[in-house]
């Protein structure tokens with residue numbers, strides 16, 4: 001059985017499956033009215049917000065046990081690696097996107113490249129790695145402060161997160177919302193992942209990771225509170241969709257989603273089929289490489305189906321082929337990486 005210490009890898013693997021699902025729905029051209037898009041199927045929009053929190057959680061869980069002097073240098077190095085992967089993978093993904101749309105000639109124009117900074121060229125999901133990298137940069141300080149005064153740190157982070165939401169709501173109807181720095185920090189980030197809200201969420205994830213190591217009863221209480229918070233958000237959204245309470249709960253909802261997926265991970269790890277759990281854990285173990293390569297695989301599968309007019313039926317069949325094919329190819333690559341060093345070495349050199 002997968003050891004309990006690998007729960008973070010299983011968690012990452014499940015988030016990876018949610019990412020593949022969301023991308024496949026778009027590439028298979030599943031109509032928005034189809035039940036694949038509803039909550040009767042897999043949740044949409046959870047993977048990226050929870051991924052940043054999980055990254056912070058992993059930092060707190062692992063680096064709390066590391067020597068104090070080694071925390072900051074290691075996390076700073078990881079921050080730089082993530083920024084490099086973000087830039088390179090976004091370029092590749094965006095070029096694949098243009099090629100699949102038959103618009104590859106725009107890649108040769110300077111405006112296309114500058115558009116990544118001016119928000120004129122659409123970023124890919126790689127943009128989520130920017131706030132993730134910033135969480136790494138904050139990691140050593142958040143761990144140190146949490147070990148000294150955990151509840152003060154939690155209160156400060158929660159207040160900061162609510163204050164950012166209040167500021168965002170206040171600025172949204174004003175011309176300031178179009179200022180580049182405001183859009184970057186509070187509204188858009190790169191690819192729709194606003195930097196400040198995501199970084200604060202990730203820092204709360206660090207707090208949860210530290211508490212998991214140092215004060216497990218308090219950590220369990222915090223996770224239970226987050227589950228109740230998510231339930232309260234759903235009830236408030238149904239009954240009072242425009243209320244201030246709903247906005248406040250929505251602000252902290254990503255943390256509730258983290259707790260929900262954590263519970264699912266725990267149950268899946270304990271009761272899921274052994275072979276499936278180990279496969280998911282393997283994909284999560286090579287999380288960054290899986291993150292990069294799954295976009296390549298799914299785009300190539302979509303391009304192959306379009307270019308060669310493969311007989312895969314309607315959009316449901318295309319969706320199934322994209323999901324199953326991408327998951328299998330990614331697992332196969334991870335399997336080869338684990339067994340053959342010649343395959344793994346290039347990815348490791350690229351911090352993947």
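Numbering (full-length UniProt numbering), first residue to last: 1 to 352. The beta carbon of each residue, even a glycine, is placed where N, CA and C say it ideally should be. Note that this is a predicted model, so its numbers are computed, not measured.
Note down the Cα distance separating residue i from residue j, rounded to an integer number of angstroms.
| i | j | result |
| --- | --- | --- |
| residue 303 | residue 30 | 16 angstroms |
| residue 146 | residue 153 | 6 angstroms |
| residue 284 | residue 21 | 16 angstroms |
| residue 343 | residue 97 | 26 angstroms |
| residue 4 | residue 95 | Because residue 4 carries a pLDDT of 41, less than 50, the predicted location of this residue cannot be relied on, and the following value inherits that uncertainty. C-alpha separation (whole angstroms): 40 angstroms. |
| residue 155 | residue 161 | 10 angstroms |
| residue 264 | residue 175 | 43 angstroms |
| residue 69 | residue 26 | 46 angstroms |
| residue 198 | residue 45 | 13 angstroms |
| residue 247 | residue 14 | 28 angstroms |
| residue 213 | residue 122 | 40 angstroms |
| residue 107 | residue 295 | 18 angstroms |
| residue 346 | residue 335 | 15 angstroms |
| residue 341 | residue 325 | 24 angstroms |
| residue 321 | residue 193 | 28 angstroms |
| residue 254 | residue 33 | 25 angstroms |
| residue 409 | residue 318 | The question about residue 409 has no answer, for the chain in this structure spans 1 to 352. |
| residue 135 | residue 16 | 20 angstroms |
| residue 118 | residue 111 | 9 angstroms |
| residue 182 | residue 114 | 19 angstroms |
| residue 64 | residue 260 | 24 angstroms |
| residue 167 | residue 221 | 30 angstroms |
To the nearest whole angstrom, what separates the beta carbons of residue i and residue j, a pair I think is in contact under 8 angstroms?
| i | j | result |
| --- | --- | --- |
| residue 28 | residue 315 | 5 angstroms |
| residue 232 | residue 249 | 6 angstroms |
| residue 235 | residue 190 | About 34 angstroms; that fails the 8 angstroms criterion. |
| residue 149 | residue 89 | At roughly 38 angstroms, the Cβ-Cβ gap does not stay under 8 angstroms, so residue 149 and residue 89 are not in contact. |
| residue 140 | residue 72 | 4 angstroms |
| residue 201 | residue 52 | 6 angstroms |
| residue 83 | residue 133 | 5 angstroms |
| residue 352 | residue 289 | 4 angstroms |
| residue 262 | residue 223 | 7 angstroms |
Can you tell which of the options has its C-alpha closest to the C-alpha of residue i?
| i | options | result |
| --- | --- | --- |
| residue 92 | 326, 293, 50 and 169 | 293 |
| residue 227 | 252, 211 and 246 | 252 |
| residue 218 | 151, 277, 178 and 185 | 151 |
| residue 7 | 114, 291 and 277 | 277 |
| residue 323 | 340, 339 and 300 | 300 |
| residue 195 | 220, 224, 165 and 216 | 165 |
| residue 330 | 119, 280, 109 and 114 | 280 |
| residue 49 | 168, 327 and 203 | 203 |
For residue i and chain B, any beta-carbon pair shorter than 8 angstroms?
| i | result |
| --- | --- |
| residue 44 | Of the protein chains in the structure, only one exists, and it is not chain B. |
Name the DSSP bridge partner or partners of residue i?
| i | result |
| --- | --- |
| residue 234 | Answer is none; residue 234 lacks a bridge partner. |
| residue 193 | 189 |
Does the stretch 205-215 come within contact of the stretch 57-64, defined as at least 3 CB pairs closer than 8 angstroms? yes
Are the stretch 7-21 and the stretch 217-235 in contact at 8 angstroms, needing three or more beta carbon pairs? no
Inter-stretch contact at 8 angstroms, needing at least 3 Cβ pairs: the stretch 28-47 / the stretch 178-187: no
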